[in-house]
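Structure, as structure tokens:
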Amino acid sequence: MELSDKIDRARVPRHIAVIMDGNGRWAQRQGEMRVVGHSHGVSAVRETLMAASEVGVRYLTLYAFSTENWNRPQAEVNALMDLLVRTLMSELDSLNENGVRLNAIGDLDSLPGDCRETLQQAIDRTSMNDRITLTLALSYSARWEMVRMVRRLAELVRTGDIDPADIEETTLEEHLCTIGLPDPELLVRTSGEQRISNFLLWQIAYAELYFTDVLWPDFKKDDLFAAIIAYQNRERRFGKISEQVSPQ
Ligand code: FPP
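Now the structure itself:
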């Protein structure tokens, strides 16, 4: 029996978010430069995307580059941007063949010009696909996103377009980068670290958190399936008591 057969297809999380961590450590263990770990990380992205799509996940969001990652050595930042451009170009046909709609969140204006252009082209050329939406978080951090959201709302209040008394949760959500995406039900982080690292803080309010020691370049289909099975074995109560969510 394959691991994927143990997944209840009626209760697959609609949206999975992933903090891809451990590329550097993976490379160091092989005696390679950190960037080699990032290159192998791309295979894990491909594998995870296909696995998610196979079991009916509709949204996959990957933390590819955080606001804080700009502080890494310039050579590593350049290598990551290069890798992103090359990957987007080489994978575009495959994204289309597999019905993948590409999306991006974050401070995209801060990306190098070629990266921004390639990204926008890939987003435009996959915009008609509807099997799964792959969102790359690039130059993203949740606090940056929230500051941006507050500035936008403050401006709308200043111009008289919004009455502060009318601000609801949905009003905030309309000004986050993730507008149009459902909240993730499952957040996966690889490499043994158990932190959120400024990722989707608003959106993961009710997400189940799943941590695995597997380093990102080693993350395979079955690792995603194991995360989904663990998610399905949890009881999501949303503040209620057990008997209310699963009546005996
Ligand atoms: C974390 O590992 C990984 C990153 C900061 C970059 C992730 C990027 C990729 C997998 C490639 C991106 C490509 C596409 C198409 C999305 P780390 O470097 O923090 O590892 P460490 O904690 O072991 O040092």
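All residue numbers for the sequence shown refer to the numbering used here, where the first residue is 19 and numbers rise by one. Just so you know, even glycine gets a beta-carbon here, dropped at the ideal spot from N, CA and C.
Cα-Cα separation between residue i and residue j, rounded to whole angstroms
i	j	result
Leu-194	Val-263	30 Å
Arg-104	Ile-246	30 Å
Asn-116	Arg-149	8 Å
Leu-199	Glu-163	15 Å
Thr-189	Met-19	46 Å
Glu-191	Ile-197	6 Å
Val-95	Trp-88	7 Å
Asn-147	Leu-126	22 Å
Val-118	Thr-151	6 Å
Arg-47	Thr-79	27 Å
Tyr-158	Lys-258	33 Å
Thr-177	Arg-170	11 Å
For residue i: DSSP bridge partner residues
i	result
Ser-84	Tyr-158
Glu-135	In the DSSP output, where bridge partners are listed per residue, Glu-135 has none listed.
Glu-226	Leu-204
Arg-119	Thr-151
Tyr-77	His-33, Thr-151
Beta-carbon proximity check, residue i vs residue j, cutoff 8 Å
i	j	result
Tyr-224	Ala-155	no
Ile-25	Val-73	yes
Leu-129	Ser-57	no
Tyr-77	Thr-144	no
Gly-40	Leu-233	yes
Ala-97	Val-60	no
Cys-133	Met-107	no
Ile-141	Asn-121	yes
Arg-27	Gln-250	no
Trp-220	Ala-172	no
Ala-45	Met-38	no
* Contained alpha helix (DSSP H) runs [length at least 4] in the region 155–199, N- to C-terminal order -> 160–176, 187–191
* Using 8 Å as the threshold, is the region 227–243 in touch with the region 61–70, meaning 3 or more CB pairs across them? -> yes
* Pairing CB atoms from the region 204–215 with CB atoms from the region 31–46, are three or more of them under 8 Å? -> yes
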